[in-house]
Amino acid sequence: MTSISTAHGLLAIAGGSPVRAKVLRYGRQSIEEDDVQAVVETLRSDWLTTGPRVAEFEEAFASYVGAKYAVSFSSGTAALHGTVSVAGLLSGDEAITSPMTFAATANCVLYQNATPVFADVAPDTLNLDPAQAELKITRRTKAIIPVDYAGHPAEMEAFSALAAKHGLVIIEDACHALGAAYRGRKTGSIADMTVFSFHPVKHLTTGEGGMVTTQDAELAEKLRRFRNHGINSDARKRQLEGTWHYEMISLGFNYRLPDLACALGLSQLKKQNASLFRRRQIAARYTAALQEIPGVIVPQVRADVVPAWHLYPIRVDPLRFTVGRAEIFRALRGENIGVNVHYIPVHFHPYYRDRFGDRGGEFPMAESAYEQLISLPIFPGMTDEDIEDVVTAVSKVAEFFGR
Ligand SMILES: *Cc1c(COP(=O)(O)O)cnc(C)c1O
Numbered sequence: 001m002t003s004i005s006t007a008h009g010l011l012a013i014a015g016g017s018p019v020r021a022k023v024l025r026y027g028r029q030s031i032e033e034d035d036v037q038a039v040v041e042t043l044r045s046d047w048l049t050t051g052p053r054v055a056e057f058e059e060a061f062a063s064y065v066g067a068k069y070a071v072s073f074s075s076g077t078a079a080l081h082g083t084v085s086v087a088g089l090l091s092g093d094e095a096i097t098s099p100m101t102f103a104a105t106a107n108c109v110l111y112q113n114a115t116p117v118f119a120d121v122a123p124d125t126l127n128l129d130p131a132q133a134e135l136k137i138t139r140r141t142k143a144i145i146p147v148d149y150a151g152h153p154a155e156m157e158a159f160s161a162l163a164a165k166h167g168l169v170i171i172e173d174a175c176h177a178l179g180a181a182y183r184g185r186k187t188g189s190i191a192d193m194t195v196f197s198f199h200p201v202k203h204l205t206t207g208e209g210g211m212v213t214t215q216d217a218e219l220a221e222k223l224r225r226f227r228n229h230g231i232n233s234d235a236r237k238r239q240l241e242g243t244w245h246y247e248m249i250s251l252g253f254n255y256r257l258p259d260l261a262c263a264l265g266l267s268q269l270k271k272q273n274a275s276l277f278r279r280r281q282i283a284a285r286y287t288a289a290l291q292e293i294p295g296v297i298v299p300q301v302r303a304d305v306v307p308a309w310h311l312y313p314i315r316v317d318p319l320r321f322t323v324g325r326a327e328i329f330r331a332l333r334g335e336n337i338g339v340n341v342h343y344i345p346v347h348f349h350p351y352y353r354d355r356f357g358d359r360g361g362e363f364p365m366a367e368s369a370y371e372q373l374i375s376l377p378i379f380p381g382m383t384d385e386d387i388e389d390v391v392t393a394v395s396k397v398a399e400f401f402g403r
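Position 173 of the sequence shown, counting from 1, maps to 173 under our numbering, and the rest follow consecutively.
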């Protein structure tokens, strides 16, 4: 490392002082006093698990995304498992999904002993490319699981057309996309089933938690049963009805989201529009400032969507820097910017390599993007100063390593 200075001083990894003193994480929950109160109130109530808050949260959530039904789960992953199960995926079946996602999107297919089949992503949005997905359709294909990467909605109309043509179920992994819109429709109201996550880095949190939304009453009923051992009514309903009788009619799990968590979810949902507004504001400021920096490629937004900005992933053009992404990443961490990488393509993980073989080179768009991606911090609690720090750090590091 040479010790050439930049307009912002020496890089921290070369002994300079960092842009900020404290680490800025890439994502973080926003918990306020009303959230705390909502949980405490529920703690003092009669119901800790399935009680009145579950249905209240589900109804409010369904109404927020414009869906008829919402079924809560103990995590986004459990929700994904629910969708592939009620879609009827079994051993021998296939579901097509994106390699540019969190492993859970593909893992849920394996839970059903079915096979996840990857198809490459589009170069601009890094979302599953419908044309690539179509090439992977066989007579065993049952579902397509597009992911709204970073909060940018997938090409839902193209996937719906594929579904109609081939008799497939569309499960949208919208864990990044609560509040997004596609062609004037809200994410959660479009696919056969849409999955959301309430992990603390996501748009709203319940600690752990997830939701499936659907317009289909039968799917909603099957999802409710699946998350409750395959039993056809819940304990609270039986108590209210004064009956002991229930039937387990399919094999399910305990994937319930407790009242405690739903109370937090309800309180968080009230602030969702304000949080979303702030995420969009942060993204707009980043884009305005960072698109001026040579070699930095800002996230692309298509004209027919309004993204929800769970992530703000930039790409660093390898031709414009003297070092690779890893070194740029290390330098940004040195400046106390808590950058991250989303995602290591799923087929690169050791488990997937062991099970399906080394498929390096099979998904060139996802693989080349992976080499360049860096997620910058974005969460509603960020201050204007935090945004400035990130922009300064990216400018500093890009200047130092720029060709
Ligand atoms: C967060 C996430 C999940 C899993 O959600 P959990 O609630 O953490 O189980 C699945 N898919 C994507 C794309 C995610 O970002």
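Cβ atoms here follow ideal geometry from the backbone N, Cα and C, with glycine treated the same way.
| Check | Outcome |
| --- | --- |
| How many Å lie between residue 8 and residue 19 at the Cα? | 8 Å |
| Mark residue 172 as exposed unless 16 or more other C-beta atoms lie within 10 angstroms of its C-beta, in which case mark it buried. | buried |
| How about residue 24 and residue 299: are their beta carbons less than 7 Å apart? | no |
| Can you tell me where the alpha helix (DSSP H) holding residue 167 begins and where it ends? | Element bounds for residue 167: n/a, residue is neither H nor E. |
| Buried or exposed: where does residue 249 fall if 16 or more other Cβ atoms within 10 Å of its Cβ makes it buried? | exposed |
| Report yes or no: do the region 258-266 and the region 277-297 share at least 3 C-beta pairs separated by less than 8 Å? | no |
| Bridge partners for residue 69 per DSSP, in chain order? | 214 |
| So residue 96 is in the beta strand (DSSP E); what residue range does that whole segment cover? | 94-97 |
| Ordered along the chain, which non-local residues of its own chain (more than five positions away) have a Cβ less than 8 Å from that of residue 401? | 321, 322, 323, 327, 328, 331 |
| Would you list the residues sitting across from residue 315 in a DSSP beta bridge? | 297, 373 |
| Alpha carbon to alpha carbon, how far is residue 237 from residue 162? Give it in angstroms, no decimals. | 40 Å |
| I'd like to check one pair, residue 151 with residue 308: are the Cβ atoms closer than 7 Å? | yes |
| Between residue 72 and residue 211, is the Cβ-Cβ spacing less than 7 Å? | yes |
| Is residue 199 near ligand 1, judged by its Cβ being under 6 Å from some heavy atom? | yes |
| Should residue 17 be labelled buried (16 or more other beta-carbon atoms within 10 Å of its own) or exposed? | exposed |
| Is DSSP giving residue 338 helix, strand or coil here? | coil |
| Check whether the Cβ of residue 356 sits closer than 6 Å to any heavy atom of ligand 3, and report yes or no. | This structure simply doesn't include ligand 3; it includes ligand 1 instead. |
| Identify the continuous beta strand (DSSP E) that holds residue 406 and give its terminal residues. | Here the chain has residues from 1 to 403 only, and residue 406 is not among them. |
| Can residue 275 and residue 380 be called in contact, C-beta distance under 7 Å? | yes |
| Smallest Cα separation from residue 472: which of 103, 239, 186, 383? | Residue 472 cannot be examined here, being either before or after the span of the chain that is shown, 1 to 403. |
| Nearest-angstrom Cα distance between residue 372 and residue 355? | 27 Å |
| Take residue 341 as the anchor and find which of 360, 362, 262, 366 has the nearest alpha-carbon. | 366 |
| Please go through the region 22-95 and give each complete alpha helix (DSSP H) segment of 4 or more residues, from N-terminal end onward. | 33-43, 52-65, 76-86 |
| Measure the beta-carbon distance from residue 95 to residue 121 and round it to whole angstroms, keeping in mind my assumption that it falls under 8 Å. | At roughly 16 Å, the Cβ-Cβ gap does not stay under 8 Å, so residue 95 and residue 121 are not in contact. |
| Quick check on this structure: which residue in 242, 347, 391 has the alpha carbon closest to the alpha carbon of residue 107? | 347 |
| Going along the chain, which residues of its own chain have a beta-carbon closer than 6 Å to the beta-carbon of residue 286, five neighbours each way excluded? | 312 |
| Hey, is residue 108 close to ligand 1, as in C-beta under 6 Å from one of its heavy atoms? | no |
| Can you determine whether any heavy atom of ligand 1 sits closer than 6 Å to the C-beta of residue 104, and answer yes or no? | yes |
| Classify residue 404: buried if its beta carbon has 16 or more other beta carbons within 10 angstroms, exposed otherwise. | This structure does not reach residue 404, given that the chain is present from 1 up to 403, and the question cannot be answered. |
| Ligand 1 and residue 147: does the residue's C-beta get closer than 6 Å to at least one heavy atom of that ligand? | yes |
| If residue 404 sits next to residue 119, beta carbons under 8 Å apart, how far is it from one beta carbon to the other, in whole angstroms? | In this structure the chain extends from 1 to 403, so residue 404 is not present and cannot be described. |
| Could you give the first and the last residue of the continuous alpha helix (DSSP H) run that contains residue 142? | Careful: residue 142 lies outside any alpha helix (DSSP H), inside the beta strand (DSSP E) at 141-145. |
| Identify every residue that forms a DSSP beta bridge with residue 189. | For residue 189, which the question treats as bridged, DSSP gives no partner whatsoever. |
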